[in-house]
Structure formats: C-alpha cells, structure tokens
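Here's the structure we're looking at; comments come further down.
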Amino acid sequence: RGKCVDFSSVFVALSRTAGVPAREILGTRISKNGDITGAYHCRAEFYLPNYGWVPVDPSDVAKLMLNENLNINDSKVIEARDYFFGAQTETYIDLSTGRDVVLNPMQEEGPLNYFIYPYAEINGVSLNFVSQEYLKYIVTFQEK
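What follows is the structure, given as structure tokens:
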C-alpha cells in the first residue's frame with residue numbers, strides 16, 4: 002500500500018539500482034471540465050538508449066487491484082500492467098520532474114521534496130499547502 006509518489010519512488014530506486022536511468026514525473030489528471038484541485042498524480046519514466054524516456058505508472062495498477070479486489074493474474078490487471086508499462090493516459094499533464102526542486106528565486110527553507118502543489122513563503126516560512134488554511138487555491142480545467 003502507498004500513494005502514487007511512493008510506488009513511483011520505489012520504481013525509480015529499483016531502476017537506478019539496476020543501472021537504468023529513471024525519474025519521477027509529477028502532474029495532474031484532467032477531466033472534461035471542472036475542479037481538478039485534488040487530481041495530482043505521480044508516475045515514473047525510465048530511459049532506453051536509442052529510444053528515449055518510457056512512461057510507467059505502477060500505482061494505477063495497484064489501485065485497480067485494491068479497488069476491485071483483483072489478484073496479479075487477473076486479466077484486467079494484466080491488461081493494465083501492459084498498458085501502464087510504456088503508455089500514459091491522454092488525461093495526464095506533466096507539471097514537474099524529479100525531487101529536490103529549487104525554485105527561482107530560491108526558497109529559504111531549502112529544496113522542495115517535489116513540486117506539485119502551489120508553493121508560497123511569508124518571511125521565509127513556507128505556507129502549508131495541504132490544509133489550505135493560509136494558502137487557498139483551486140485548479141480547474143476546461144476543454145475547448
């Protein structure tokens with residue numbers, strides 16, 4: 002169990018340990034129209050020489066298994082595994098890549114673990130983006 006960033010981090014760590022370049026991609030999923038504030042998602046990519054970066058989304062496979070109580074050999078899981086190892090949905094937008102993100106101007110509290118949520122500082126102290134008590138925001142999408 003874990004969140005998408007956990008699954009992607011494990012994939013990246015295992016890939017790098019095996020000598021395969023890999024990175025985390027943080028972004029958001031879009032719907033036809035409306036509020037996508039809570040639709041942030043993390044996936045991964047690995048690099049194949051003479052091909053380029055290949056998308057991988059291990060958490061969507063795990064989510065399918067958990068939500069539908071399926072085992073690893075179920076045909077739906079196999080289909081999802083095959084799809085999410087080399088493809089990504091057209092409803093995903095990349096926002097940032099990697100970890101230890103330094104903004105410009107540089108934030109006073111040091112590099113961000115990852116950059117997917119709005120970020121703001123007051124007098125050198127970052128605002129809590131999760132509670133939205135001090136930093137209120139909404140992210141919307143409208144198809145044209």
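For this note's numbering, count along the sequence shown from 1 and bump the result up by 1. Glycine included, each C-beta is placed from N, C-alpha and C at the ideal position. Quick caveat: nothing in here was measured; it's all calculated off a predicted structure.
Look at the Cβ atom of Thr28, then the Cβ atom of Asp95, and state whether they are nearer than 7 Å. Within the sequence shown, numbered from 1, the residue matching residue 28 stands at position 27. Within the sequence shown, numbered from 1, the residue matching residue 95 stands at position 94. Rather than Thr, the amino acid found at residue 28 in this sequence is Gly. Contact: yes.
On the DSSP bridge assignment, give the partners of Arg30 in chain order. If you number the sequence shown from 1, residue 30 lands on position 29. For Arg30, which the question treats as bridged, DSSP gives the partners Tyr93.
Could you give the DSSP three-state label for Glu134: helix, strand or coil? Locating residue 134 in the sequence shown gives position 133, where the first residue counts as 1. Correct three-state label for Glu134: coil.
How big is the Cα-Cα spacing for Pro112 and Ser76? Working through the sequence shown from its first residue, we reach residue 112 at position 111. Working through the sequence shown from its first residue, we reach residue 76 at position 75. Pro112 and Ser76: Cα-Cα distance of roughly 42 Å.
Burial state of Gln143, where buried means 16 or more other Cβ atoms lie within 10 Å: As a working mapping, residue 143 is identified with position 142 in the sequence shown. Exposed, by the Cβ-count rule.
Taking the CB atoms as reference points, tell me whether Phe12 and Pro59 lie closer together than 7 Å. Numbered from 1 along the sequence shown, position 11 holds the residue referred to as residue 12. Numbered from 1 along the sequence shown, position 58 holds the residue referred to as residue 59. Taking 7 Å as the Cβ cut-off, Phe12 and Pro59 qualify as a contacting pair.
CB contact flag (Arg2, Gly99, <7 Å): Reading the sequence shown from its first residue, position 1 is the one you call residue 2. Reading the sequence shown from its first residue, position 98 is the one you call residue 99. No; because the gap between Cβ atoms is not below 7 Å, this pair is not in contact.
Assuming Pro119 contacts Tyr138 (C-beta within less than 8 Å), just tell me the rounded distance between them. What you label residue 119 is simply residue 118 of the sequence shown in a count that begins at 1. What you label residue 138 is simply residue 137 of the sequence shown in a count that begins at 1. Confirmed, about 5 Å.
Can you name, in chain order, every residue of its own chain whose Cβ lies under 6 Å from the Cβ of Glu69, other than the five neighbours on each side? For the purposes of this step, residue 69 is taken as residue 68 along the sequence shown, with counting starting at 1. None.
Taking 7 Å as the cut-off, decide whether the C-beta atoms of Ile117 and Tyr41 are in contact. Taking the first residue of the sequence shown as 1, we reach residue 117 at position 116. Taking the first residue of the sequence shown as 1, we reach residue 41 at position 40. Yes. Within cutoff.
Hey, would you say the C-beta of Leu67 is under 6 Å away from at least one heavy atom of the ligand FMN? Of ligands this structure carries none, so the ligand FMN is not represented either.
Mark Val6 as exposed unless 16 or more other C-beta atoms lie within 10 angstroms of its C-beta, in which case mark it buried. As a working note, residue 6 is residue 5 in the sequence shown. Buried: at least 16 other Cβ atoms inside 10 Å.
Go through its chain and collect everything with a Cβ distance to Ala88's Cβ below 8 Å, but skip five positions before and after it. One-based indexing of the sequence shown puts residue 88 at position 87. Here the set comprises Pro56.
Continuous beta strand (DSSP E) stretch holding Val6: start and end: What you label residue 6 is simply residue 5 of the sequence shown in a count that begins at 1. Val6 -> not in any beta strand (DSSP E); alpha helix (DSSP H) instead, spanning Cys5 to Thr18.
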